[in-house]
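Chemist: Take a look at this one; I'll ask things after.
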C-alpha cells in the first residue's frame with residue numbers, strides 16, 4: 063500500500079467507534095474518543111450514553127466539533143444529567159460504566175499502560191508526560207477498556223517505564239483481583255493505526271485479532287518490541303467506509319482538529 | 498490495620514481537630530460583605546508556600562483571572578493541585594511560583610514537562626479521581642477515604658496513598674489522605690456579596706474545593722442579591738460561610754469560557770499552545786497577559802478588547818441549563 067485516502071486517526075476513530083455498542087454506558091475522554099463516540103451514535107449506537115470525568119452524563123454533542131471542546135456547552139449539550147467528578151468516578155467504581163476509552167504513551171503485552179514518564183528515575187525523568195488524568199480510574203473500574211495507540215515500536219514495549227494504569231499486571235491468573243482491583247475488569251481491545259488486539263483469556267497476553275486490509279502481518283509484528291499471540295482467525299479490518307468518512311469530514315470534524323490532515327488525497 | 502504498601506510521594510495531612518478549630522474560629526458566621534479587588538484577595542489569602550487548589554478547567558469555568566493575579570504578585574513555593582489542569586500549572590511554573598504539583602493531569606505543553614525533568618518542580622502522583630476524592634475527604638473532615646483506584650500501579654508508589662486490608666471484607670484497598678488546601682479558587686456564575694454562590698453546568702468539585710480549603714476565594718461573573726439566592730436555593734452551590742473573598746470578575750475564565758455566557762477563545766489557546774513549549778515565548782506570553790497589566794479589568798481592556806469580548810459572547814448560543 064503506497065497511498066491511502068484516510069488518516070491514521072480516521073482509521074483508529076472508526077475502529078474505536080465500531081467497538082462501541084448501542085445501549086451501553088461509555089466513559090469518554092478528550093479527542094479521538096469524543097469523535098468516535100459521536101460517530102458511533104450517528105451510525106449504530108444512538109442509545110449509547112457518554113459519560114465524562116467532569117460529570118456530564120448522556121450529552122448529545124453539537125457538531126461540528128470545535129477544538130478543545132469538552133466541558134463546555136457544545137460538548138455537554140442535551141445531557142441527561144450534570145454531576146461532578148466524585149459522582150462519576152463513584153459510578154464507575156460502582157460498576158455501571160461498561161466501556162472506557164484511553165490513549166497511551168507505552169503499553170506492554172499485558173496491557174499495563176504508561177502515560178506518565180520515560181526513564182528510570184521518577185524525580186528526574188528523561189521525558190515527562192501529563193500523567194494519569196482519569197486514565198487510572200477508567201482502566202481500574204470500567205468493565206471493559208479500549209486502548210487507542212499509534213502503531214509504533216517505541217510504544218509496544220516489553221516493560222513500560224512506569225505503570226500509570228493497571229492492565230493484567232504480570233499476567234498471572236487472578237492478578238488484578240488479588241491486588242484488590244474490581245473482578246472481571248481490565249483492558250479489552252487495543253486499537254492501533256494498523257491492527258486490532260485483544261487479550262488471551264488464560265495467559266492475558268496481547269493477541270493480534272485483525273490487521274488493516276492490505277497491511278502484511280509482518281509489518282504489524284515488526285513494529286512491536288514483544289511478540290503478541292496471533293489469533294488463528296485473523297480478521298481483515300476494513301478501512302473507513304464512505305459513510306464513515308463522509309460523517310467524519312463533512313459533519314463531525316470538518317476543521318480536522320482531531321481526524322488530522324488528509325494524506326495521499 | 499496492617500499497611501501493605503505505602504506510597505513515597507510528598508504530601509501533608511491536616512490533624513482533624515486542628516482543622517475543626519480553624520473552621521470554628523476563622524470561618525465567619527455573620528453575613529459580612531466580602532467583595533474586594535483580586536489583588537487584595539490574593540495578597541490577603543495566598544501566601545508563599547501555600548497549597549493551592551482550583552476548580553474545573555482552563556477551557557471551562559476556571560479561575561483564570563485569579564491564576565494570573567497569583568503570577569502577577571510573584572507568589573513563591575506554592576504546591577498546586579492539578580486535578581484537571583491544562584494551562585494553570587504551566588503559567589504558575591513559568592512565573593516561578595511553584596515548588597510542586599499534585600498530578601492529576603500535569604498540563605499541556607513541553608515547558609511544564611521540562612520543569613519536572615530538570616527537577617525544578619516536584620511531583621506527587623495521583624489521578625484526577627483520587628485528587629477529587631482527597632478534596633472530598635478534606636471537605637468531610639476525615640483524614641482519608643478508601644478507593645479501589647491506584648492499586649497495583651507505580652502511580653500509587655509515587656503517591657501518598659496507603660494500601661491496607663479492608664477490615665470489612667479483607668480485600669486490599671487504597672486509602673488516600675484528605676487534602677485541605679490553604680486556599681481554594683472557584684470561579685462561579687453568580688454570587689451575592691457574602692459569597693452564596695451558584696455554579697451552573699457540570700464541574701469537577703466546586704463544593705468539595707470550597708469546603709476543604711482553609712481560605713476560599715470566589716471570582717464571579719455576576720453579583721446578585723441575597724433575595725434572589727433565597728428564591729431558588731436549589732441553585733446554590735456554595736454557602737457564604739465557606740467563602741473568604743468575593744472578586745467581581747466578568748469574563749474571569751478567559752481564555753476559557755463560562756457556560757451560557759461566553760465561549761472559550763480558541764485563537765488565544767492556539768497562541769498559548771505555541772508559547773507553552775518555548776521558554777522565551779512563554780516569558781513574552783506572561784509579560785503580555787499578566788505582568789504588563791495591573792488587573793483583570795486592564796487585561797480585558799488592553800489585551801482582549803470589546804470586539805473580541807462581544808464575539809465570544811455572541812458565540813455562546815447554547816443557554817439551556819445555564820441560568
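Protein chains in written order, with the numbering used here: chain X, 63 to 327; chain D, 498 to 820.
Note that the Cβ used here is the ideal one computed from N, Cα and C, for glycine as well.
What is the DSSP secondary structure of residue 502 of chain D, counted as helix, strand or coil?
Modeler: strand
Chemist: Output yes or no for whether 8 Å exceeds the beta carbon distance between residue 563 of chain D and residue 690 of chain D.
Modeler: 8 Å or more divides the Cβ of residue 563 of chain D from the Cβ of residue 690 of chain D.
Chemist: What are the residues of the segment 556-583 of chain D that lie near chain X, defined by any Cβ-Cβ distance shorter than 8 Å?
Modeler: 556, 557, 558, 580, 581
Chemist: Is the shortest distance between the beta-carbon of residue 643 of chain D and the beta-carbons of chain B less than 8 Å?
Modeler: This model lacks chain B altogether; the protein chains it does include are X and D.
Chemist: Please determine whether the Cβ atom of residue 77 of chain X lies at a distance below 7 Å from any heavy atom of the ligand GDP.
Modeler: You won't find the ligand GDP in this model; it holds no ligand whatsoever.
Chemist: Compare the beta carbon distance of residue 624 of chain D and residue 198 of chain X with 8 Å and say whether it is the shorter of the two.
Modeler: yes
Chemist: Locate the alpha helix (DSSP H) running through residue 625 of chain D, then write down its first and last residues.
Modeler: First-last of the alpha helix (DSSP H) with residue 625 of chain D: 625-637.
Chemist: From what residue to what residue does the alpha helix (DSSP H) around residue 562 of chain D run?
Modeler: According to the DSSP assignment, residue 562 of chain D belongs to the alpha helix (DSSP H) that extends over 561-569.
Chemist: Given that a residue counts as buried once 16 or more other Cβ atoms are within 10 Å of its Cβ, and exposed if not, what is residue 309 of chain X?
Modeler: buried
Chemist: I'd like to know if residue 225 of chain X contacts chain D, where contact means its C-beta is closer than 8 Å to some C-beta of that chain.
Modeler: yes
Chemist: Kindly indicate if chain X contains any beta-carbon less than 8 Å away from that of residue 596 of chain D.
Modeler: no
Chemist: Taking residue 626 of chain D and residue 646 of chain D to be in contact with their CB atoms under 8 Å, please state how far apart those CB atoms are, rounded to whole angstroms.
Modeler: With a Cβ gap of about 6 Å, residue 626 of chain D and residue 646 of chain D count as contacting.
Chemist: Could you check how far apart the C-beta atoms of residue 660 of chain D and residue 648 of chain D are, in whole angstroms? I think they sit under 8 Å.
Modeler: Contact between residue 660 of chain D and residue 648 of chain D holds: CB atoms are separated by about 7 Å, below the 8 Å threshold.
Chemist: Under 8 Å between C-beta atoms, does residue 326 of chain X make it to chain D?
Modeler: Only weak support exists for where residue 326 of chain X lies, its pLDDT of 42 falling under 50; the value from the coordinates is given anyway. Closer than 8 Å: no.
Chemist: Closer than 8 Å, CB to CB, is residue 747 of chain D near chain X or not?
Modeler: no
Chemist: Identify whether residue 78 of chain X lies in helix, strand or coil by the three-state DSSP scheme.
Modeler: helix
Chemist: Answer with yes or no whether the minimum CB distance from residue 786 of chain D to chain X is below 8 Å.
Modeler: Among the residues facing chain X, residue 786 of chain D is not included, as its CB has no counterpart in that chain under 8 Å away.
Chemist: For residue 516 of chain D and residue 611 of chain D, what's the separation of their Cα atoms in angstroms?
Modeler: 36 Å
Chemist: Are the beta-carbon atoms belonging to residue 571 of chain D and residue 592 of chain D less than 8 Å from one another?
Modeler: yes
Chemist: Just confirm the distance between the C-beta atoms of residue 716 of chain D and residue 746 of chain D, as a whole number of angstroms; I'd bet it's less than 8 Å.
Modeler: 4 Å
Chemist: Between the segment 238-253 of chain X and chain D, which residues of the former have a C-beta closer than 9 Å to a C-beta of the latter?
Modeler: Hits within the stretch, in order: 238, 239, 240, 241, 242, 243, 244.
Chemist: I want to see whether chain D comes within less than 8 Å of residue 323 of chain X, judged by CB atoms only; does it?
Modeler: For residue 323 of chain X, the answer is no, since every Cβ of chain D falls outside 8 Å of its Cβ.
Chemist: By the criterion of Cβ-Cβ separation under 7 Å, what are the contact partners of residue 138 of chain X in chain D?
Modeler: 698, 699
Chemist: Excluding the five sequence neighbours on either side, which residues of its own chain have a C-beta within less than 7 Å of the C-beta of residue 64 of chain X, listed in chain order?
Modeler: With a pLDDT of 45 at residue 64 of chain X, under the threshold of 50, the predicted position of this residue should be treated as unreliable, though the coordinate-derived value follows. Nothing meets the Cβ criterion.
Chemist: Does any residue of chain X bring its CB to less than 8 Å from the CB of residue 803 of chain D?
Modeler: no
Chemist: Taking the alpha-carbon positions, what's the residue 597 of chain D to residue 605 of chain D distance?
Modeler: 16 Å
Chemist: Please check if any C-beta of chain X sits within less than 8 Å of the C-beta of residue 647 of chain D.
Modeler: yes
Chemist: Which residues mark the beginning and the end of the beta strand (DSSP E) in which residue 671 of chain D is found?
Modeler: 669-674
Chemist: With 8 Å set as the bound, which would you pick, yes or no: does the beta-carbon of residue 651 of chain D sit closer than that to a beta-carbon of chain X?
Modeler: Interface residue, yes.
Chemist: Would you call the CB atoms of residue 163 of chain X and residue 98 of chain X closer than 8 Å?
Modeler: Between residue 163 of chain X and residue 98 of chain X, the CB-CB gap stays under 8 Å.
Chemist: In the segment 676-714 of chain D, which residue ranges form an unbroken alpha helix (DSSP H) of at least 4 residues, counting only runs that do not cross its ends?
Modeler: 703-709
Chemist: So, does the CB of residue 147 of chain X fall closer than 8 Å to a CB anywhere in chain D?
Modeler: yes
Chemist: Considering only their Cβ atoms, is the gap separating residue 622 of chain D from residue 193 of chain X smaller than 8 Å?
Modeler: yes
Chemist: Name the chain D residues whose beta carbon is nearer than 8 Å to that of residue 185 of chain X?
Modeler: 616, 619
Chemist: Return no unless some Cβ of chain D is closer than 8 Å to the Cβ of residue 96 of chain X.
Modeler: no
Chemist: Counting C-beta neighbours from all protein chains within 10 Å, is the total for residue 718 of chain D 16 or more, i.e. buried, or is it exposed?
Modeler: buried
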